[in-house]
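Position 147 (the sequence shown) corresponds to 146 in numbering that gives the first Met the number 0; numbering is contiguous. Beta carbons: idealized from backbone N, C-alpha and C, even for Gly. Since we're looking at a predicted model, the values are computed, not measured. Here's the structure, in structure tokens; my notes come after.
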Amino acid sequence: MSVENPDPDRSLSAEAAPPPSRRTFITTATAVSGTVLAGGLVTAPTALGGREAVAAEGPPGGTVHLTINSVQHTVTVDNRTSLLDLLREHLDLTGAKKGCNAGACGACTVLVDGHRVNSCLTLAVRLDGVEVTTIEGLADGDQLHPLQQAFIDQDAYQCGFCTSGQIVSGVGCIKEGHIGSGDEIREWMSGNLCRCGCYIKIVRAVEQAAGQN
0 MSVENPDPDR SLSAEAAPPP SRRTFITTAT AVSGTVLAGG LVTAPTALGG REAVAAEGPP
60 GGTVHLTINS VQHTVTVDNR TSLLDLLREH LDLTGAKKGC NAGACGACTV LVDGHRVNSC
120 LTLAVRLDGV EVTTIEGLAD GDQLHPLQQA FIDQDAYQCG FCTSGQIVSG VGCIKEGHIG
180 SGDEIREWMS GNLCRCGCYI KIVRAVEQAA GQN
């Protein structure tokens with residue numbers, strides 16, 4: 000028993016059509032991907048333009064009023080600006096050094112309301128109304144601070160990179176009263192690293208300055 004094909008021409012053409020060759024497949028795939036890529040390129044400028052419009056507004060900032068080395072300053076800074084960057088990049092007070100920028104070396108030590116802080120970890124916008132003392136503010140004109148003079152007398156530095164942080168930290172250490180012994184000074188100055196290894200002379204300088212106060 001046979002069944003007649005309702006559309007013999009269609010059946011014949013389907014059986015006769017060869018499968019696509021490898022070259023045909025690659026050519027077709029390339030054309031399709033090119034079309035998709037072109038479509039992406041058409042929409043990219045719109046998205047990019049949107050990002051540029053947002054970036055043009057700038058990051059959030061704040062205005063800070065603070066006293067630095069007895070001089071009043073009013074500055075507007077990015078909320079992410081550290082006290083160290085404010086001092087160095089905005090106010091040209093480069094005595095505090097950027098060492099590790101992670102609060103581990105003490106090269107950036109300054110005094111905030113008399114207390115030692117790592118300025119690289121301190122946000123400037125949080126210091127409204129405070130008083131900051133840097134290495135530049137310790138001397139009285141040509142008269143060096145006793146600890147600055149003691150560092151010279153004791154030859155307590157070599158490369159000098161950590162010296163400003165060491166001196167400011169030593170001033171804070173003396174004010175805090177942690178000068179009962181060499182061991183106590185070493186303990187309370189342990190956050191300030193000296194890669195040249197002048198620790199013995201640094202302790203002697205702090206002891207000398209403490210004896211003059």
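Counting along the chain, where does the beta strand (DSSP E) carrying residue i start and finish?
i, result
"Q148", "Q148 -> not in any beta strand (DSSP E); alpha helix (DSSP H) instead, spanning P145 to D152."
"V63", "G60 to I67"
"E130", "E130 to T132"
"V70", "V70 to D77"
"R115", "H114 to N117"
"T121", "From DSSP, T121 is part of no beta strand (DSSP E); its letter is neither H nor E."
Please state whether the Cβ-Cβ distance between residue i and residue j is less than 9 Å.
i, j, result
"V202", "I173", "no"
"L146", "V131", "no"
"L83", "C107", "yes"
"G210", "N191", "no"
"V76", "L86", "no"
"I67", "T162", "no"
"I166", "H144", "yes"
"G128", "H64", "yes"
"G176", "G113", "no"
Helix, strand or coil, according to DSSP, for residue i in the structure here?
i, result
"S189", "coil"
"A43", "Note that A43 has pLDDT 45, beneath the 50 cutoff, so the model's placement of it is unreliable and the number below is only indicative. Residue state, collapsed to three classes: helix."
"L83", "helix"
"L92", "coil"
"D139", "strand"
Just confirm the distance between the C-beta atoms of residue i and residue j, as a whole number of angstroms; I'd bet it's less than 8 Å.
i, j, result
"A208", "A149", "4 Å"
"G118", "A95", "Correcting the residue type first, residue 118 is Ser in the shown sequence and not Gly. Sure, about 6 Å apart at Cβ, within 8 Å."
"T73", "T62", "7 Å"
If you follow the alpha helix (DSSP H) that residue i is part of, which residue opens it and which one closes it?
i, result
"T162", "T162 to E175"
"Q157", "Taken as a continuous stretch (DSSP letters only), Q157 belongs to no alpha helix (DSSP H), as it is neither H nor E."
Inset, instruction - Could you say if the stretch 121 to 131 and the stretch 147 to 165 meet the contact criterion of at least three C-beta pairs nearer than 8 Å? - result: no
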